[in-house]
Amino acid sequence: MSKGKISIRQTFLLFLVLASSPIIRYATGYSSLKAGQAAWLAPLPAVITLFIMLYILNSLFIKHSEKSIMEVIYAVFGVWVGKIIVFLYFLWSLLLIALYLRYDVERLVGSTYPSIPIEFFIITTLLVIAYVLPKGINILGRMSEILFLVIMFAFFILLICMIPNIRMDSVFPVSTKEVLPILHGSMVTTAIGTYIFLMFFMGEFINDKAKILKTGISTVVFYILLSAIIIFEVIGTLTSSVVQRIPFAFLVAVKQISILDTIEKIESIVVGVFIFSDFILLSVLIFVSLNIIKSLAKLNETKHLLNLFLVLVYFLSMGITINRFDLENFSVYFLIYINLTFGLIIPIILFIVGKIREKI
Amino acid sequence: MKWLFFIVLLISYFEIKTMWNKGLKKEIVVFVFLGIITLSYGIYYLMNANTASLCRSFFNLIGFKY
Numbered sequence: 003m004s005k006g007k008i009s010i011r012q013t014f015l016l017f018l019v020l021a022s023s024p025i026i027r028y029a030t031g032y033s034s035l036k037a038g039q040a041a042w043l044a045p046l047p048a049v050i051t052l053f054i055m056l057y058i059l060n061s062l063f064i065k066h067s068e069k070s071i072m073e074v075i076y077a078v079f080g081v082w083v084g085k086i087i088v089f090l091y092f093l094w095s096l097l098l099i100a101l102y103l104r105y106d107v108e109r110l111v112g113s114t115y116p117s118i119p120i121e122f123f124i125i126t127t128l129l130v131i132a133y134v135l136p137k138g139i140n141i142l143g144r145m146s147e148i149l150f151l152v153i154m155f156a157f158f159i160l161l162i163c164m165i166p167n168i169r170m171d172s173v174f175p176v177s178t179k180e181v182l183p184i185l186h187g188s189m190v191t192t193a194i195g196t197y198i199f200l201m202f203f204m205g206e207f208i209n210d211k212a213k214i215l216k217t218g219i220s221t222v223v224f225y226i227l228l229s230a231i232i233i234f235e236v237i238g239t240l241t242s243s244v245v246q247r248i249p250f251a252f253l254v255a256v257k258q259i260s261i262l263d264t265i266e267k268i269e270s271i272v273v274g275v276f277i278f279s280d281f282i283l284l285s286v287l288i289f290v291s292l293n294i295i296k297s298l299a300k301l302n303e304t305k306h307l308l309n310l311f312l313v314l315v316y317f318l319s320m321g322i323t324i325n326r327f328d329l330e331n332f333s334v335y336f337l338i339y340i341n342l343t344f345g346l347i348i349p350i351i352l353f354i355v356g357k358i359r360e361k362i
Numbered sequence: 395m396k397w398l399f400f401i402v403l404l405i406s407y408f409e410i411k412t413m414w415n416k417g418l419k420k421e422i423v424v425f426v427f428l429g430i431i432t433l434s435y436g437i438y439y440l441m442n443a444n445t446a447s448l449c450r451s452f453f454n455l456i457g458f459k460y
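Taken in order, these protein sequences are the chains called A and B. Mapping of the first sequence onto my numbering: position 37 corresponds to residue 39, and the numbering continues sequentially without gaps. Mapping of the second sequence onto my numbering: position 32 corresponds to residue 426, and the numbering continues sequentially without gaps.
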């Protein structure tokens with residue numbers, strides 16, 4: 003699991019691929035819930051918070067360009083406090099793995115395969131990860147270059163086909179009264195964007211970290227614009243009151259596509275995007291978790307822990323909930339704040355303490 | 395529950411054998427620790443398969459209702 007390295011460009015492409023699934027699953031519903039028909043503007047304020055995160059990441063790696071975030075945390079807070087913080091990050095990544103694996107299979111069962119037990123999809127996903135991950139993160143990096151093009155092409159086609167269904171009265175007018183709801187709705191875009199920070203827990207496998215700011219800014223702008231366009235088209239097609247009440251809004255919006263009564267039922271493309279994106283998301287999170295274990299216990303390699311770790315992940319994803327409502331409520335009421343704490347607030351504290359102690 | 399032990403033991407046998415041959419002592423300790431956690435949580439889950447919910451336990455813990 004320590005073979006090869008990936009470039010900073012591949013890291014950010016990985017982020018764009020893995021963020022595709024949470025954007026279409028989660029960002030549309032949450033933004034509509036908080037900002038109503040102005041939800042499509044909600045991703046825009048996230049630019050500021052994500053730029054702050056990128057600036058912090060860039061500062062952390064100026065002195066520690068060959069290291070990962072874990073080693074920077076140890077250097078700033080000292081080894082013992084640092085290990086406690088890194089362990090909390092391990093718990094966060096474990097929670098995300100269990101949640102996203104469950105989301106992934108719930109969505110497949112809920113949208114396409116209602117009669118197949120969820121255990122089947124969980125085991126299948128984990129088997130693919132068990133096969134791919136030992137080959138190294140560079141394989142995922144190269145996959146991301148291809149998957150990025152595939153997913154963006156799919157989005158492009160779907161978003162173009164959705165244009166005739168958009169009703170402008172569903173997304174306009176937007177008034178100044180909606181500034182606060184928009185800010186509230188932007189939290190979900192920031193929360194998903196914080197996975198950039200988590201990805202740098204595999205920092206020793208990433209080359210050219212000096213270019214974080216340059217590549218990161220273009221990635222964040224692309225991510226924000228993509229989120230805004232997706233939310234705009236979904237709300238324009240279904241209206242915000244519908245979007246906030248249904249679990250697979252993007253899928254339903256795509257089902258509405260009908261061009262000349264010929265191009266119809268192309269929602270299978272969305273299912274493909276879900277599967278690719280979730281696979282990359284889970285693989286990266288599992289790689290990060292094992293890398294954190296490696297750092298905490300000062301191990302030489304973690305390849306041998308992978309299979310057993312996947313058995314634990316299976317039970318966690320099965321036991322995280324018994325129904326989808328708990329899962330959705332957990333995401334809406336808690337996961338966003340947990341993400342913001344670990345992806346934004348702790349990095350800011352790390353940056354301030356590091357500056358005071360002159361460690362970064 | 396037998397299949398859980400079977401899977402964990404099978405994985406453990408091959409992995410520990412490889413790690414032992416490579417002289418990865420610390421890795422074996424972490425592996426055993428991870429194995430104990432996996433078995434404990436796995437048994438807990440299998441004994442409460444229809445009621446076990448970490449989300450629900452968390453909601454109850456903080457008194458959250460919806």
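All residues carry an ideal CB built from backbone N, CA and C; glycine is no exception.
Environment of residue i [buried if 16+ CB atoms lie within 10 Å]
{"i": "Phe344/A", "result": "buried"}
{"i": "Thr412/B", "result": "exposed"}
{"i": "Arg169/A", "result": "exposed"}
{"i": "Arg104/A", "result": "buried"}
{"i": "Phe79/A", "result": "buried"}
{"i": "Tyr339/A", "result": "exposed"}
{"i": "Ser367/A", "result": "The displayed coordinates of chain A run from 3 to 362. Any statement about residue 367/A would go beyond what the structure contains."}
{"i": "Glu360/A", "result": "exposed"}
{"i": "Ser270/A", "result": "exposed"}
{"i": "Arg247/A", "result": "exposed"}
{"i": "Asn415/B", "result": "exposed"}
{"i": "Glu330/A", "result": "buried"}
{"i": "Ala443/B", "result": "exposed"}
{"i": "Thr178/A", "result": "exposed"}
{"i": "Pro349/A", "result": "buried"}
{"i": "Trp42/A", "result": "buried"}
{"i": "Phe2/A", "result": "What the structure shows of chain A is the stretch from 3 to 362, and residue 2/A is not part of that stretch, so it cannot be assessed."}
{"i": "Ser451/B", "result": "exposed"}
{"i": "Asp263/A", "result": "exposed"}
{"i": "Leu110/A", "result": "buried"}
{"i": "Ile8/A", "result": "buried"}
Minimum Cβ-Cβ distance from residue i to chain B less than 8 Å
{"i": "Ile299/A", "result": "In the sequence as displayed, the identity of residue 299/A is Ala instead of Ile. Chain B contact via Cβ: present."}
{"i": "Asp328/A", "result": "yes"}
{"i": "Glu108/A", "result": "no"}
{"i": "Ser4/A", "result": "In this prediction, Ser4/A has a pLDDT of 48, which is less than 50 and means its spatial position is unreliable; what the coordinates show is noted afterwards. Taking Cβ atoms only, chain B never reaches closer than 8 Å to Ser4/A, which makes this a no."}
{"i": "Glu303/A", "result": "yes"}
{"i": "Phe332/A", "result": "yes"}
{"i": "Ile295/A", "result": "yes"}
Chain A within 8 Å of residue i, Cβ atoms only
{"i": "Met420/B", "result": "Strictly speaking, residue 420/B in this sequence is Lys, with Met absent from that position. Yes, its Cβ sits closer than 8 Å to a Cβ of chain A."}
{"i": "Ile430/B", "result": "no"}
{"i": "Phe425/B", "result": "yes"}
{"i": "Phe399/B", "result": "no"}
{"i": "Tyr407/B", "result": "no"}
{"i": "Met413/B", "result": "yes"}
{"i": "Leu455/B", "result": "no"}
{"i": "Leu448/B", "result": "yes"}
beta-carbon residue i near the ligand GDP non-hydrogen atom, thresh 7 Å
{"i": "Lys296/A", "result": "In the structure on display, the ligand GDP does not appear, and there are no ligands present to speak of."}
Sub-8 Å separation of residue i and residue j beta-carbons
{"i": "Ser229/A", "j": "Ile54/A", "result": "no"}
{"i": "Gly29/A", "j": "Ile233/A", "result": "For the sequence presented, residue 29/A should be read as Ala rather than Gly. For Ala29/A and Ile233/A, yes; Cβs fall inside 8 Å."}
{"i": "Ile99/A", "j": "Leu284/A", "result": "yes"}
{"i": "Asp106/A", "j": "Cys449/B", "result": "no"}
{"i": "Ile226/A", "j": "Ala48/A", "result": "yes"}
{"i": "Phe289/A", "j": "Ile153/A", "result": "no"}
{"i": "Leu90/A", "j": "Val424/B", "result": "no"}
{"i": "Pro119/A", "j": "Lys305/A", "result": "no"}
{"i": "Met72/A", "j": "Ser291/A", "result": "no"}
{"i": "Asn209/A", "j": "Ile10/A", "result": "yes"}
{"i": "Lys211/A", "j": "Ser67/A", "result": "yes"}
{"i": "Phe207/A", "j": "Ile148/A", "result": "no"}
Start-to-end residues for the alpha helix (DSSP H) that takes in residue i
{"i": "Arg109/A", "result": "Val81 to Ser113"}
{"i": "Asn331/A", "result": "Arg326 to Phe332"}
{"i": "Ile159/A", "result": "Ile139 to Met164"}
{"i": "Ser447/B", "result": "Here Ser447/B belongs to no alpha helix (DSSP H), and DSSP marks it neither H nor E."}
{"i": "Gln258/A", "result": "Segment: none, Gln258/A is in no alpha helix (DSSP H) and carries neither H nor E."}
{"i": "Trp414/B", "result": "Lys396 to Lys416"}
{"i": "Tyr32/A", "result": "Thr30 to Ala37"}
{"i": "Gly195/A", "result": "Val181 to Gly195"}
{"i": "Phe14/A", "result": "Ile10 to Pro24"}
{"i": "Gly321/A", "result": "Leu308 to Gly321"}
Quiz item: Which residues, taken in chain order from the region 168 to 191 of chain A, show a beta carbon closer than 9 Å to some beta carbon of chain B?
Solution: none
Against chain B, which members of the region 305 to 324 of chain A pass a CB distance test of less than 8 Å?
His306, Leu307, Asn309, Leu310, Phe311, Val313, Leu314, Phe317, Leu318, Met320, Gly321, Ile322, Thr323 and Ile324
Interface positions of the region 83 to 104 of chain A facing chain B (Cβ-Cβ less than 8 Å), listed along the chain:
Ala100
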